[in-house]
């Protein structure tokens, strides 16, 4: 009944089917992670990039691969998926590509690096040196690579899924706040619950084969179309006001030393629209704000102490949700 | 321990000490200081007592901070206090010491324990400040009620600090509880906020009092019953400007007499010395103070005692010329010899209309009219009859040095010396009128009485010994006991005012002398009582038997009972050497107003305005003092010279119409020729057909009754009704407060059913359902409404709340309008939902939940993010 109502409230039935297909397709491989899948797709549709933080072995890589596998490339094969394992000795050119001398043509030609793909999994990004990190993040922001005089465009659909280890682990270069700001969202993958985990162990053989036999449910063109559609989602003035209130509140909060930037507000707005679409709506509601606010904002803030880290942002969001809940908008 | 007493808690502890406990100590100091002024038991040691209280409070507060359990500590404390008390009882030497120390210790123990409870409560009970302020307010009410006279200054003085404290403490506790921070900035902010709050509070309070002061003052004087401090203690000013004697008499405040006394009334006392033309003035009595109350140390009126012959009718309530008689008073007086009836007419000027005075013992009252020439001067009049002993006379009791008076007094004393002793007198009567404590602090009175009565055998000699004791002069020919209107406040803590007067200050006004005399006489086992009223001074020789009475003649004196002779007046008050004598009025005593010959009461049957005749159906008729009650006759009145009165205003004859209830009065000489007949029929036959009439008073019965009862209400409504009234308002306010959630819920439902707009209906659907769920304590914690609907409510109650929320959010945020079916769904949602939810609770559970204000308050506050799992 509820699902029926939800789809009823959606003006774009076709869109909804596509997104549902994508989510279901990914769920076949990644079990019990519906929320995370939705958020990953949200970032994709919002033309952003996502950072996942968690312990190794929780399924981050599989998620990225499944996403890439679900999208068909230029009509005949999968969207290109690249994975780069970041290590302290990685150099920027390993990522971007390099000019090599072509013996035949007697000139330097550009050898594209792994960045030239549709879905990039930047694994353990915080293990690489800051130099490499900034090279990657710059590309993410500009969507192009400049090498010497030449500028190379990246793929039209370029989606980075970065992972990082929890900061406390050894041998890491924590990402500076400025860099973190470029990720639209940071999500925690987390372990699955007990029953799902049991299920995974029982069927581990199928899961790996699932990854191989994953269906391509969307084409690149369709994803790009969805991105356009996400931009068209209606957002009520009061929701925009709520975003403003939340972002501004982080700047004056006693427990937060660095608040959210205006860029983060824009990212928040985009994510909200995409998230509404992912949830099958053509308009943003207060629940969307509640659901993704922490993912969008938390990694951009620098807290003064642990207590503030636990409560400050939640308090701000709660207050705003309360305001929205009491609004009478007609 | 360190964990409990971490830094935050420590500064919180200090903050609470400063902001909560210190003001509490101040208020307790104030209350104790007040109590000490009215309870001698406390012995004026309020500083020490406050310290007891504070110590108890601080100790309990600190212990509670360290999470000590209440019960074990409290029982330990109780045990310790009790053992010490027992020990003290066993080991102290001497009766007085023991008493003194035990009382001291008890005071300490009670105050310490009270402080203990308060300290503990402030630390551990959330709503304790409210309870505490309630207790303090009740204490102040109690103290005010104990203090006797209530004035605006007193009310304000008692209530303001406690009321301010109540608001302050509730506000401060809550804001302290709600603030988490303890850094230095917090201290600054918090103190600033408190100061601002207190300033606003003071300004508000001050403004209210300033604006409403005259009004409150009037109310208080109206309900407070008694007059203001620093007034004539023997007289009471009433609201309408009239005066009467006070109905209670404390030895307390100063007796301020008007330096320019006004005449209150004049009286014709029909009493002359036997066989002579010489007027024999009599003191006029109003109240008898017969019962000594050891608690308040005053003599009190006691209408319950069967031998009380106090006669207190209300002349204003008796119709004109009707009589009120109570001859049982004469039996109660227990006198048989040398009695005669004395008639007294009292014409009131400023004396209250409902006040009655007459020589004792009165048994008869009849309101009479004031003849028209005198109506400007006198407001009302009555005639009274008293059964008076031959021996009573004002000359008999004046403490005058005049030889003639002395001789006259001696003759009478000789008569009284021959009176029987008290052995034949009824024992109850004797016991009652001789009651006075002789033990404890009253022992010196007994000793004094014994020394004065030493060698005297008769009662009169003992009385004279007491009188001479008060009138005695020392070697320098100065009075030992002097008269003063300002007897001062005893400096000795705990000493009774009576003893203070007798043995220390030796100065006072009449009430002091009367009370002290009665105390001594009763210690001698001579039956006596204090009476109040007016002393009579013969100031004129023009009009025999007529006397003016001034404000400064209000008086209190002593009556002593002699077997067979009854109650004889005695006055032991020393002369007031400094007092200014009341002036002799230039109008001299009033001319004797004419006496009415006939008075008839009845209903008008017809009026002939041209011939000026009126036919009246009469029920009562009085002719030359003979009363013909319950008659059924018609008479015709000749109204040619009659004046018609209505509500003391002269009106025209046309005001008389059929059915009017009237009282017709005639002064006509024509009628004086006739004499009363045994029956009314005979009398009417003899009298002329048309009875000449001088005055006709129209009584609008209903109106009059209403007026009287209204007046009654105003005058007799005591403080208690006022308090009950205030309490009921308070209670209904509290009741209403508890009903707020229910009212709000029903308001939402009402709006839901009555809004025309479907969007508004959806909104009230939403409001009503969220309130319902909240009040039933379905916990939303930090979930959004939609999550809550989907994950909690629908799971629990099987409702379609999530669908509703979905549509509602769409309505709220989407740029598209809802389809008709969706709208319908939104609007129709609430009824089935409410039923389903309610079916999960019993009716009383629902009621109780809706009465919970705590839950309701949370409906408007943010959830705590830490509760999120």
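Residue numbers (my numbering), protein chains in the order written: chain P, 1 to 330; chain C, 331 to 1199. Backbone N, C-alpha and C define an ideal beta-carbon position, used for all residues, glycine too. Just so it is clear, the structure is predicted and the values come from calculations on it, not from any experiment.
Counted as a single uninterrupted DSSP element, the stretch harbouring residue 192 of chain P is not any beta strand (DSSP E), since DSSP gives it neither H nor E. Under the three-state reduction of DSSP output, residue 177 of chain P falls in the helix class. Residue nearest to residue 488 of chain C within the set C:1085, C:458, C:387 and C:368 is C:368 (criterion: CA-CA distance). Not a single C-beta of chain P is nearer than 8 angstroms to the C-beta of residue 382 of chain C.
The criterion of a C-beta distance shorter than 8 angstroms is not satisfied by residue 698 of chain C and residue 900 of chain C. Spanning the alpha carbons of residue 523 of chain C and residue 498 of chain C requires a straight line of approximately 12 angstroms.
Here DSSP, grouped into helix, strand and coil, assigns residue 852 of chain C to helix. In the assembly as shown, residue 634 of chain C is an exposed residue. Its beta-carbon has fewer than 16 other beta-carbons within 10 Å.
Between residue 362 of chain C and residue 380 of chain C, the alpha-carbon positions lie close to 7 angstroms from each other. In the three-state scheme derived from DSSP, where H, G and I count as helix and E and B as strand, residue 616 of chain C is classed as strand. Runs of the alpha helix (DSSP H) lying entirely within the region 1105 to 1172 of chain C and spanning at least 4 residues, in chain order: 1115 to 1118, 1124 to 1127, 1131 to 1143, 1150 to 1158 and 1160 to 1168.
In this structure, DSSP gives residue 382 of chain C a helical state, which the three-state scheme calls helix. A check of alpha carbon separations from residue 113 of chain P across P:42, P:243 and P:145 identifies P:145 as the nearest. Proximity of chain P to residue 1103 of chain C at the Cβ level (cut-off 8 angstroms) is not reached, the minimal Cβ distance being about 13 angstroms. For residue 528 of chain C, DSSP records no beta bridge to any residue.
For residue 250 of chain P, no beta strand (DSSP E) encloses it; the enclosing alpha helix (DSSP H) starts and ends at 237 to 252. Excluding the 5 residues flanking it on each side, residue 653 of chain C has same chain C-beta neighbours closer than 6 angstroms at 696, in chain order. Shown here, residue 144 of chain P sits in a strand according to DSSP, grouped into three states. Residue-level contact check: residue 320 of chain P does not touch chain C, since none of the beta carbons of chain C fall below 8 angstroms from its beta carbon. In the DSSP assignment, residue 185 of chain P forms a beta bridge with P:50. Around the Cβ of residue 399 of chain C, a 10 Å sphere holds fewer than 16 other Cβ atoms; the residue is exposed. At least one C-beta of chain C is nearer than 8 angstroms to the C-beta of residue 239 of chain P. C-alpha of residue 994 of chain C to C-alpha of residue 611 of chain C: approximately 34 angstroms in a straight line. Separation of the CB atoms of residue 135 of chain P and residue 86 of chain P is rounded to 11 angstroms, and the pair is thereby denied contact status at 8 angstroms. Contacts between residue 285 of chain P and chain C, judged by CB atoms closer than 7 angstroms, involve 1139 and 1143 in chain order.
One finds 314 and 318 in chain P with Cβ atoms closer than 8 angstroms to the Cβ of residue 1112 of chain C, taken in chain order. Counting other Cβ atoms within 10 Å of its Cβ, residue 1096 of chain C reaches 16 or more and is therefore classed as buried. For residue 647 of chain C, the secondary structure class from DSSP, reduced to helix, strand or coil, is helix. Residue pairing by DSSP places residue 885 of chain C opposite C:863 in a beta bridge. For residue 234 of chain P, the nearest CB of chain C lies under 8 angstroms from its own CB, placing it at the interface with that chain.
Residue 860 of chain C and residue 1024 of chain C have their C-alpha atoms spaced approximately 44 angstroms apart.
CA-CA distance, residue 414 of chain C to residue 443 of chain C, rounds to 14 angstroms. For residue 20 of chain P, the nearest beta carbon of chain C is not closer than 8 angstroms to its own beta carbon.
Nearest in C-alpha terms to residue 762 of chain C, of all of C:455, C:1186, C:636 and C:897, is C:636. At a cut-off of 8 angstroms between beta-carbon atoms, residue 325 of chain P makes contact with chain C.
Boundaries of the alpha helix (DSSP H) harbouring residue 271 of chain P: 262 to 278, taken from the DSSP string.
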